[in-house]
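Here is the structure we will look at, set down as structure tokens.
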Amino acid sequence: MSDVERLSQMIQAARRIVVFTGAGISTESGIPDFRSPGGIWSRMQPIYFQEFLSDVEKRREAWERAFSGRAGWTGRSPNAGHFAVARLVGAGKASSVITQNVDNLHQDSGVPAEKVIELHGNASYAACLACGLRHELAELKVRFEAGGELPSCQQCGGVVKTATISFGQPMPEGPMARAQEETLACDLFLVLGSSLVVYPAASFPPMAKHRGARLAIVNREPTEQDAIADLVVHGEIGPVMSAAVPAN
Ligand code: APR
36 MSDVERLSQM IQAARRIVVF TGAGISTESG IPDFRSPGGI WSRMQPIYFQ
86 EFLSDVEKRR EAWERAFSGR AGWTGRSPNA GHFAVARLVG AGKASSVITQ
136 NVDNLHQDSG VPAEKVIELH GNASYAACLA CGLRHELAEL KVRFEAGGEL
186 PSCQQCGGVV KTATISFGQP MPEGPMARAQ EETLACDLFL VLGSSLVVYP
236 AASFPPMAKH RGARLAIVNR EPTEQDAIAD LVVHGEIGPV MSAAVPAN
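Residues 36 to 283, numbered by the numbering used here, are exactly what the sequence shown covers, in order.
The following block contains the structure:
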């Protein structure tokens, strides 16, 4: 039996799947991942949360990256991997999608927003760090490009940042709690496209396994957690998931 057939059987046998995604599911949409050769961290350094807060030039660089589309990629289209995940959710096989991605592509592929748990936030809008007011990027971009104005809150004057979670920024409590709840309730935890090196996000696969769920990983390269997986498929997510979860 092929790995894809094994994966398909595991999916069919599962009662409640949690899908856990990383940047690898979005590379086939034209968004580079972080740690493959040529990935984002080979081209630029992360801007840590403290730097964003305390260093105006770093904050300007962060906004230039966001507005230029060099980071926090948005505006791309979902690919076959996203649509296969959406089929699992639509069929009631997957109860949620826990994602490290900020590109909104699970929502764009038809997964209801309430079933997408974003551990690292979302780059398609901004929010005030003090009062939480949502700000649309288009308006902020016009002022930034016209006069170099760094976004500040229309309501309270606080610092505004894209709604992503940067290194050093506290993880979002609500999504972390929901992710744990979902992880502990599933009988199949399916990882798609993550190197599984960034914590606490990478703590969920072993948590599921420890709780007795089966763990399957689909990833081009070996990951840090292949050794504990029940099934590892080294391949491209789009083709693998299209075969494992065929559109009827
Ligand atoms: N099919 C299968 N696997 C793929 C594909 C693909 N089309 N494209 C890339 N991959 C694999 C790569 O081999 C790599 O192991 O996806 C993995 C992506 O790993 P990372 O680039 O480390 O991305 P991710 O695991 O999501 O990073 C986690 O790190 O920098 C932070 O906040 C950022 O959310 C991100 C977190």
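Backbone N, C-alpha and C fix where the C-beta goes; we use that ideal spot for every residue, glycine too.
Beta-carbon proximity check, valine 267 vs alanine 251, cutoff 9 Å: Position 232 of the sequence shown, counted from the start, is the residue given in the question as residue 267. Position 216 of the sequence shown, counted from the start, is the residue given in the question as residue 251. Yes, the pair counts as a contact, with Cβ atoms nearer than the cut-off.
C-beta contact flag for glutamate 256 and histidine 269 at 9 Å: For this step, residue 256 is matched to residue 221 along the sequence shown. For this step, residue 269 is matched to residue 234 along the sequence shown. Yes, the Cβ-Cβ distance between glutamate 256 and histidine 269 is below 9 Å.
Segments assigned beta strand (DSSP E), at least 3 residues, entirely inside the region 131-165: The region 131-165 contains these whole beta strand (DSSP E) runs: 151-153 and 156-163.
Inter-residue spacing [alpha-carbon to alpha-carbon] between lysine 176 and proline 240: On the sequence shown, position 141 is the one that residue 176 refers to. On the sequence shown, position 205 is the one that residue 240 refers to. Rounded to the nearest whole angstrom, the C-alpha separation of lysine 176 and proline 240 is 38 Å.
Where alanine 97 falls, given that 16 or more other Cβ within 10 Å makes a residue buried: Position 62 of the sequence shown, counting from 1, holds the residue named residue 97. Per the 10 Å Cβ criterion, buried.
For leucine 284, the nearest candidate out of Glu153, Val233 and Glu99 (CA to CA): Because the chain is modelled from 36 through 283, residue 284 falls outside the range shown and cannot be assessed.
Same chain only: Cβ atoms within 6 Å of valine 232, ignoring 5 sequence neighbours per side: Here residue 232 refers to the residue found at position 197 when the sequence shown is read from its first residue. Result list for valine 232: Glu259, in chain order.
Assigned secondary structure, alanine 251 (DSSP; H/G/I helix, E/B strand, else coil): Here residue 251 refers to the residue found at position 216 when the sequence shown is read from its first residue. Alanine 251 falls in the strand class under three-state DSSP.
Cβ-based burial, glycine 59 [other Cβ within 10 Å; buried from 16]: Residue mapping note: residue 59 aligns to position 24 of the sequence shown, counting from 1. Buried is the call here.
7 Å Cβ shell around arginine 169 - same chain, five flanking residues per side excluded: For the purposes of this step, residue 169 is taken as residue 134 along the sequence shown, with counting starting at 1. Taken in chain order, the residues that qualify are Tyr160 and Ala162.
Glycine 156 to methionine 36 span [Cα, whole Å]: The residue labelled residue 156 in the question sits at position 121 within the sequence shown. The residue labelled residue 36 in the question sits at position 1 within the sequence shown. Rounded to whole angstroms, glycine 156 to methionine 36 spans 39 Å at the Cα level.
Separation of cysteine 191 from glycine 273, as counted between CA atoms: In the sequence shown, counting from the first residue as 1, residue 273 sits at position 238. In the sequence shown, counting from the first residue as 1, residue 191 sits at position 156. In a straight line, the C-alpha of glycine 273 is about 44 Å away from that of cysteine 191.
Nonlocal neighbours in the same chain, by C-beta distance under 6 Å from serine 144, ignoring five residues either side: Taking the first residue of the sequence shown as 1, we reach residue 144 at position 109. Only Pro113, His117, Phe118 and Ala121 meet the Cβ criterion.
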